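Read in order, the letters of the sequence shown correspond to residues 98 to 415 in this note's numbering. Input: a single structure, listed below in structure tokens.
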Amino acid sequence: MIEDTATRHHQNFLQVIHSYYQLTKPRIIPLLLMTTAGSMWIASGGKVNPVLLLVTVCGGTFAAASAQTINCIYDRDIDDQMERTRHRPLVSGRVQPSHALIFAIALACLSFILLAVFVNLLSALLTMSGIVFYVGVYTHLLKRHNPANIVIGGAAGGIPALVGWAAVTDSLSWAAWLLFAIVFLWTPPHFWALALMIRDDYAKVGVPMLPVVAGNVAATRQIWVYSLLLIPSTFLLFYPLHVTGVVYTCIAIILGAFFIKKAWALLYNPDDKQLARSLFLYSIFYMMLLCAAMVIDSLPLTHQLTRDILDFVLDFVF
């Protein structure tokens, strides 16, 4: 009966592909890959091997898709009760859980082989640790049981930055761990803003997101605290680590100022879902542009232009 229901949902093979594609939550993956790319560009001094970049990004994509698919399998009972998720392939019967699990395992194996063979073992192991942490620690142990789920779970989101650095250098430096920390600190404001928007859905299924268990006021205070920790941490790449330059720092200051402004507005209007939505959407925009700034700043052309402008200013002044 279940198989018949699934079959009725698919008119052709393209629809089958689309259903499996939806299992991977594809809107989340590009943001993870941006942190990987930003890390790779910094680690390589703006001279990333394009083949290495392509292989690393593909490996990261397969790993993230695997983790998200397993998350869909695990959460299909509560997804059925939430308006935002009730149309996902497993809930609607378009894909069977056993088939989804095979798909997820295949993706994880493909990711590991690709990275271990064509990049290095460290990047492959880090990628697998990301899957294990996201599925085992966040999805299984924390998400339904602890309001600190997003805080601790943010470590999974920071692993792609480590993978990017390891792919280039086959090691992990202080700069790599700082990139990890930036994503880790960014995650709570990002997800708690979303939780403020759909608080009722989380409450209905018993997921103890912070706004549900502690209220909107406490949640917005925590968003404010993590925002104050996040923004200064982004400047540490410039000083004392000296892995980014003036261009990145100027962009980080501007982006950070808007982040703080939005978090401040939400702090004083904790029940305003439009402000929560504004911060949530901006947080995505923020991380993407911050990573883009890392790439731009690391380019040799940027370094040359910065030196030329500095020389011009010095000659003009002196």
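Note that the Cβ used here is the ideal one computed from N, Cα and C, for glycine as well. Every value quoted in this text rests on a predicted model; they were computed, and no experiment measured them.
Can you name, in chain order, every residue of its own chain whose Cβ lies under 7 Å from the Cβ of residue i, other than the five neighbours on each side?
| i | result |
| --- | --- |
| L387 | T331, A349, L352 |
| R183 | D176, D177 |
| Y336 | none |
| I357 | S324, I328 |
| L282 | Y323, L326, L327, S330 |
Roughly how many angstroms lie between the CA atoms of residue i and residue j, to the nearest whole one?
| i | j | result |
| --- | --- | --- |
| K144 | L396 | 7 Å |
| M179 | D298 | 6 Å |
| H361 | T266 | For the sequence presented, residue 361 should be read as Trp rather than His. So the alpha carbons of these two residues sit roughly 39 Å apart. |
| V79 | L325 | As displayed, the chain neither begins before 98 nor continues past 415, which places residue 79 out of reach and without an answer. |
| N246 | M306 | 7 Å |
| L372 | K359 | 7 Å |
| W274 | F110 | 43 Å |
| S189 | A311 | 33 Å |
| A316 | F377 | 14 Å |
| Y379 | L128 | 13 Å |
Does residue i pass the burial test, meaning 16 or more other C-beta atoms within 10 Å, or should it be called exposed?
| i | result |
| --- | --- |
| V314 | exposed |
| F413 | exposed |
| Q319 | buried |
| Q401 | exposed |
| H287 | buried |
| D405 | exposed |
| L293 | buried |
| F382 | exposed |
| N168 | buried |
| A203 | exposed |
| P123 | exposed |
Using 8 Å as the threshold, is the C-beta distance between residue i and residue j below it?
| i | j | result |
| --- | --- | --- |
| L207 | F277 | no |
| L211 | C155 | yes |
| A272 | L334 | yes |
| G261 | T132 | yes |
| G227 | A164 | yes |
| Y118 | F200 | no |
Contact defined as beta carbons within less than 8 Å: I believe residue i pairs with residue j. What is the distance between those atoms, to the nearest angstrom?
| i | j | result |
| --- | --- | --- |
| L291 | V216 | Contact flag wrong, Cβ pair sits at about 32 Å. |
| K240 | V304 | 6 Å |
| Y345 | A300 | Not confirmed; about 40 Å, so no contact. |
| R181 | I295 | 6 Å |
Only counting the same chain, and skipping five residues up and downstream in sequence, which positions put a Cβ closer than 6 Å to that of residue i?
| i | result |
| --- | --- |
| G254 | V280, T284 |
| A140 | W262, V265, T266 |
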